[in-house]
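Read through the structure below, which is laid out as structure tokens, and then see the notes.
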Amino acid sequence: MSKDCENVTPETETLTLPSGEKQTHSTTRQYMAAMIINLLAFTQGNVVGWVSPSLPLLQSDHSPLAGGPINDESASWVGSIACLGGLAAVPIFTYLSTRHSRKVTGYLAGVLLVPSWLIILYSDCERSLLAARFIAGLSWGGGVILVSLFISEVAEDSLRGRLGTYIAVFSNGGLLFTYTLGSCVSYRTLCFLSLAVVALFIVLFAIIPESPYYLVYKGNIDQAKTSLKWLRGENEELVELEIEKLSERVAKLKINYPNKLFLETLFLPGVLKGLLIGVGLFANLNLCGFMAVLSYSVNIFEESGSSVSPYVAAVIIAALRLGASYTSSLLVDRVGRKVLLIGSNAVMAVCLSALGGYFYLRQYTDMRQYGILPVVSLSVYIIALRSRNTYGSFIHELHLSRPTYISQFSPPPVRELPR
1 MSKDCENVTP ETETLTLPSG EKQTHSTTRQ YMAAMIINLL AFTQGNVVGW
51 VSPSLPLLQS DHSPLAGGPI NDESASWVGS IACLGGLAAV PIFTYLSTRH
101 SRKVTGYLAG VLLVPSWLII LYSDCERSLL AARFIAGLSW GGGVILVSLF
151 ISEVAEDSLR GRLGTYIAVF SNGGLLFTYT LGSCVSYRTL CFLSLAVVAL
201 FIVLFAIIPE SPYYLVYKGN IDQAKTSLKW LRGENEELVE LEIEKLSERV
251 AKLKINYPNK LFLETLFLPG VLKGLLIGVG LFANLNLCGF MAVLSYSVNI
301 FEESGSSVSP YVAAVIIAAL RLGASYTSSL LVDRVGRKVL LIGSNAVMAV
351 CLSALGGYFY LRQYTDMRQY GILPVVSLSV YIIALRSRNT YGSFIHELHL
401 SRPTYISQFS PPPVRELPR
């Protein structure tokens, strides 16, 4: 479709029909759908960001838990158990998104956050808090899969890359939202506000139709047409054209990649290579320490003895992350993908080394005069981290998000594997 596009704007797109006629249609609803589904990405930012401003309170004498302040070991579990929930969610939500509707999967990811925030809100013991964080991790893992998948299927070719950048913006916006409010509102107010965002997503998600690609894949052509009419407009010829293209894609998928056992699928042409590339990129992302940095930002700045307020410093980090989400997508085409990936990893290594060296030396000497070093190190680290994440643009038009790395590098069988 992208070859037929002219004069693309956020409001309209001009397409050339098979008859040679040029037809302009609105793209407003595609932007609307992208923003609504990315409210789920925003809630993911809330889940990750909640830890940083909340842990210092939970470990203080003013802890909202009846059992009093939690120790360092419990704090580490509060920060990390959501990752275990996310790990458990991946195969579950991958299966649901493939075998059942994308809408049901999206609702499940959103609804899971309701009991999670309510338990956190009224929790009076450590165990219930850990259970709530695990449930939040289930939603987080499901959202990682669902958001990028849904956008790639409801957006037309010419808008897919642009709308894909919303994922990073919204998730980092959720992080900034939580960091900022966590520094100025109460523990329970922050939970209420996070729950309000979840409720907003659940209500607005009802507006969006089911993925037209999924409906065609399931053989529901009439429903797919209705979905496309909502997303693209009422032009019957345009809808028929896209239905035809989707049907061709599905037919080729079923012919080239029939249902096979995992091991049989693994050795189909290009599958193993694509899987190894995707796994390598994920390993590079998840072993760089970003979750620890985001979860313990306030603690890190408190321990550093910096003159900058730890809460203010954490907000600065979140703001830099949000800004870098946009600017890095512009930088990637100028510098090159591999150069950016290698360079950003080198910068992150230097930043983490400087931070680790600071805390090591602090055990033996007075480092107060270098108190700004942790702030600078983590600020540069965050910028480099976001720059590195745009390596996904090598795979997609700009960059969608980490879950689309495998999707764009790999043949269809790999896209259905747990991410």
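In terms of the UniProt record's numbering, the sequence shown opens at residue 1 and continues consecutively. By construction, the Cβ of each residue, glycine as well, lies at the ideal position given by its N, Cα and C atoms.
Hey, residue i and residue j are a contact pair by Cβ (cut 8 Å); roughly how many whole angstroms apart?
i, j, result
"Ile208", "Ala33", "5 Å"
"Ser139", "Ala168", "Contact flag wrong, Cβ pair sits at about 19 Å."
"Val198", "Trp77", "About 23 Å separates the two Cβ atoms, so there is no contact after all."
"Ala314", "Tyr187", "The Cβ separation is near 16 Å, so there is no contact."
"Glu210", "Lys338", "In fact, because the Cβ distance is near 38 Å, the residues do not count as touching under 8 Å."
"Ile120", "Leu129", "6 Å"
"Leu163", "Ser97", "In fact, because the Cβ distance is near 18 Å, the residues do not count as touching under 8 Å."
Enumerate in chain order the residues of its own chain whose CB-to-CB distance from residue i is below 7 Å, with the five nearest sequence positions on each side excluded.
i, result
"Ser247", "Val216"
"Leu373", "Ala354 and Tyr358"
"Leu181", "Leu190 and Leu193"
"Ile383", "Leu320 and Ala324"
In chain order, what residues of the same chain lie with their CB nearer than 8 Å to the CB of residue i, ignoring the 5 residues before and after it?
i, result
"Pro69", "Leu58, Gln59, Ser60, Asp61 and Ser63"
"Gly173", "Phe42, Gly45 and Leu322"
"Tyr214", "Ser101, Arg102 and Glu153"
"Gly86", "Gly137, Leu138, Trp140, Gly141 and Val144"
Going straight from the alpha carbon of residue i to that of residue j, what length do you get?
i, j, result
"Val279", "Cys83", "17 Å"
"Ala41", "Ile202", "13 Å"
"Ser101", "Ser295", "33 Å"
"Ala283", "Tyr95", "22 Å"
"Ala206", "Arg232", "18 Å"
"residue 447", "Ile151", "Outside the shown range of the chain, which is 1 to 419, sits residue 447, and nothing can be said about it."
"Val51", "Leu195", "15 Å"
"Val350", "Cys288", "12 Å"
"Val90", "Val111", "17 Å"
"Asn235", "Gly141", "37 Å"
"Ser123", "Leu55", "14 Å"
"Met303", "Leu340", "A small fix is needed here, since residue 303 is Glu in this sequence, not Met. Their Cα atoms are separated by approximately 32 Å."
"Arg133", "Tyr31", "31 Å"
"Val380", "Pro115", "36 Å"
"Val48", "Thr165", "19 Å"
"Leu176", "Val312", "11 Å"
"Ala131", "Glu73", "16 Å"
Go through its chain and collect everything with a Cβ distance to residue i's Cβ below 6 Å, but skip five positions before and after it.
i, result
"Ser171", "Ala41, Gln44 and Gly45"
"Leu241", "none"
"Gln223", "Leu215"
"Ala318", "Leu175, Leu176 and Tyr179"
"Gly79", "Val51 and Ser295"
Where in the segment 29-105 do unbroken runs of the beta strand (DSSP E), each at least 3 residues long, occur, reported from the N-terminal end onward?
-> none
Length-filtered (4 minimum) alpha helix (DSSP H) runs lying within the segment 204-252 = 212-217 and 221-232
For the segment 131-216, list the beta strand (DSSP E) runs that are entirely contained and at least 3 residues long, ordered along the chain.
-> none
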